[in-house]
Amino acid sequence: MTNTQLTLVQIDNYGPWTVTPDPRREMDLQTLQSRLFADLAQFVGSRDGYVFFTRFDNMVAVTNGLDRADHELLQESIGNRYPVTLSLGIGTDRNPAVALERATDGVQRAGSAQDGDRREVLSGDPLAEADRTPSDVQIAHFDVNDATGKYTDRLNEFDTFIHIEQGYASLMRHLRQEHGALSFFVGGDNIIAVTPDLSAEQYRAAIDHVEAEADVELKVGVGTASNAHEAGFAAKHALEDCRHHGTIVEFADAPVEPVND
Ligand SMILES: Nc1nc2c(ncn2[C@@H]2O[C@H](COP(=O)(O)OP(=O)(O)OP(=O)(O)O)[C@@H](O)[C@H]2O)c(=O)[nH]1
């Protein structure tokens, strides 16, 4: 059974900073945000976690395998190198939405995101090493079928973007409402969801829902492991199985049906 450890990453007092003493140049803010995300991806990724940029001022990381000392080091390193600091909230649960609620609760209790006195909060507890299992994290890697042929090679970038985003919006709402799974757009036509244990039927139902609501066709590879990298890597291989077998759902460990040519 999954036991997801999520970390809410929140830039302290960022709103006021962006306009003090005067509004800052937008591209300077974009540069800071994307560099901060890159640094987080490097730090968390090198410890086999995943981080998603969500709104940039708030980000969500899957941190199974990262302990309290890792979180403290991240805060120290960012504080030394950036003009902003980070608060971190850790939460765990078999259901990712509940884990994120817990992670968020600790940070919110310590004060507002725009409270000048609230800095570098570290709340919540990581999973104890003894409680970790090989099935703590389930990652579902979704991809739009033939996005290149249907959109990228035919439409302008903005109209392509609308199609992809509509598919994402439909999927993220469905998985959040039905299962407490959290889906994140990761670029191109790819969406990565952090999910509880879901069945092939439940993934098929999600894909059917997106096709009916947004007219976007998806496929998904699913992997389960003790951390996000291994689960996500297995999910990518399962997605390759979808391409190879012409299927829309593949689990990393599921035996693959022979192909009839
Ligand atoms: N984040 C991320 N993006 C990817 C990955 N693989 C592909 N992409 C992005 O997705 C875009 C489309 O690539 P594909 O999904 O391979 O192409 P497609 O036309 O949809 O073809 P099929 O997926 O085979 O149906 C690429 O330009 C990349 O931006 C991945 O593993 N991770």
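Quick note, the sequence shown lines up with residues 46 to 306 if you use my numbering. All C-beta atoms, glycine included, are put in the ideal place defined by N, C-alpha and C. This one's a predicted model, so the numbers in the text were calculated from it and none came from an experiment.
ask   = Going by other Cβ atoms of all chains shown within 10 Å of its Cβ, with 16 needed for buried, is His219 buried or exposed?
value = Sequence index remark: in the sequence shown, residue 219 carries index 174 (1-based). Buried, because 16 or more other Cβ atoms sit within 10 Å of the Cβ of His219.
inquiry  = Per DSSP, what are the beta-bridge partners of Ser157 in this structure?
reply    = Numbered from its first residue, the sequence shown carries residue 157 at position 112. Its beta-bridge partners do not exist; DSSP assigns none.
Touch test, the segment 257 to 268 against the segment 175 to 186, Cβ-Cβ under 8 angstroms, three pairs minimum = As far as the Cβ criterion goes, the segment 257 to 268 touches the segment 175 to 186, which means the pair count is three or higher.
query = Quick one: Cα of Ser228 to Cα of Glu258, how far?
reply = To locate residue 228, count along the sequence shown from 1; it is residue 183. To locate residue 258, count along the sequence shown from 1; it is residue 213. Straight-line Cα distance between these residues: approximately 17 angstroms.
ask   = So, do the segment 223 to 240 and the segment 137 to 153 have three or more beta carbon pairs nearer to each other than 8 angstroms?
value = At 8 angstroms Cβ cutoff, the stretches touch.
ask   = Taking 7 angstroms as the line, does the beta carbon of Asp115 fall inside it for any heavy atom of ligand 1?
value = Stepping through the sequence shown from its first residue, residue 115 is reached at position 70. No, Cβ of Asp115 sits at least 7 angstroms from all heavy atoms of ligand 1.
query = What does Lys281 pair with, by DSSP beta-bridge criteria?
reply = Position 236 of the sequence shown, counting from 1, holds the residue named residue 281. According to DSSP, which records beta bridges pairwise, Lys281 is partnered with nothing at all.
message = Could you check whether the Cβ of Val231 sits closer than 7 angstroms to any heavy atom belonging to ligand 1?
response = Along the sequence shown, read from residue 1 onward, the residue named residue 231 stands at position 186. At least one heavy atom of ligand 1 is nearer than 7 angstroms to the Cβ of Val231, so yes.
query = Near Gly212, which residues of its chain fall below 7 angstroms by C-beta distance, leaving aside the five closest residues on each side in sequence?
reply = For the purposes of this step, residue 212 is identified with residue 167 of the sequence shown, where counting begins at 1. The beta carbon of Gly212 sits closer than 7 angstroms to those of Val189, Val255, Ala259, Val261, Leu263, all from its chain and outside the five residues before and after it, given in chain order.
key: Contact test: Ala192 Cβ vs ligand 1 heavy atom, cutoff 7 angstroms   = Along the sequence shown, read from residue 1 onward, the residue named residue 192 stands at position 147. When distances are taken from the beta-carbon of Ala192 to the heavy atoms of ligand 1, the shortest one is below 7 angstroms.
query = Comparing alpha-carbon positions, which option in Leu167, Asp286, Val129 lies nearest Arg147?
reply = The residue you call residue 147 lines up with position 102 of the sequence shown. Nearest neighbour of Arg147 by Cα position, chosen from Leu167, Asp286, Val129, turns out to be Leu167.
request  = Jot down the residue ranges of each uninterrupted beta strand (DSSP E) in the segment 118 to 205, minimum 3 residues, whole runs only, in chain order.
outcome  = Runs found: 131 to 138, 182 to 189.
ask   = Just curious, the alpha helix (DSSP H) that Asp88 is in, first and last residue?
value = Taking the sequence shown and counting its residues from 1, the one referred to as residue 88 is at position 43. The question names Asp, yet the displayed sequence has Phe at residue 88. Element bounds for Phe88: 71 to 90.
message = So, does the segment 60 to 68 touch the segment 237 to 246, judging by three or more C-beta pairs under 8 angstroms?
response = The way I'd put it, the segment 60 to 68 doesn't touch the segment 237 to 246; fewer than three beta-carbon pairs between them come closer than 8 angstroms.
query = Does any heavy atom of ligand 1 sit closer than 7 angstroms to the C-beta of Arg199?
reply = Position 154 of the sequence shown holds residue 199. No.
query = So, are the CB atoms of Arg126 and Asp57 less than 8 angstroms apart?
reply = Your numbering for residue 126 matches position 81 in the sequence shown. Your numbering for residue 57 matches position 12 in the sequence shown. Taking 8 angstroms as the Cβ cut-off, Arg126 and Asp57 do not qualify as a contacting pair.
Residue burial classification, His289 (beta-carbon count within 10 angstroms, cutoff 16) = To locate residue 289, count along the sequence shown from 1; it is residue 244. Counting C-beta atoms within 10 angstroms of its own C-beta, His289 has fewer than 16 neighbours from the protein chains shown and is therefore classed as exposed.
query = Shortest alpha-carbon distance to Leu77 belongs to which of Asp93, Tyr59, Gly90, Arg92?
reply = Translated into the one-based positions of the sequence shown, residue 77 becomes position 32. Closest option to Leu77, Cα to Cα, is Tyr59.
message = Between which residues of its own chain and Leu85 is the CB-CB distance below 6 angstroms, once the five residues before and five after are set aside?
response = Residue 85 sits at position 40 when you count from the first residue of the sequence shown. Excluding positions up to five away in sequence, the list reads Val96.
key: Pairwise C-alpha distance: Lys195 and Gln172   = Reading the sequence shown from its first residue, position 127 is the one you call residue 172. Reading the sequence shown from its first residue, position 150 is the one you call residue 195. Correcting the residue type first, residue 172 is Leu in the shown sequence and not Gln. For the pair Leu172 and Lys195, the Cα-to-Cα distance works out to about 43 angstroms.
ask   = Between Asp102 and Asn48, what straight-line distance do the alpha-carbon atoms span, to the nearest angstrom?
value = Your numbering for residue 102 matches position 57 in the sequence shown. Your numbering for residue 48 matches position 3 in the sequence shown. Straight-line Cα distance between these residues: approximately 26 angstroms.
key: Cβ separation of Gly94 and Ala273, assumed to be a contact under 8 angstroms, to the nearest whole Å   = As a working mapping, residue 94 is identified with position 49 in the sequence shown. As a working mapping, residue 273 is identified with position 228 in the sequence shown. Taking the Cβ atoms as the reference, Gly94 lies roughly 5 angstroms from Ala273, within the contact range of under 8 angstroms.
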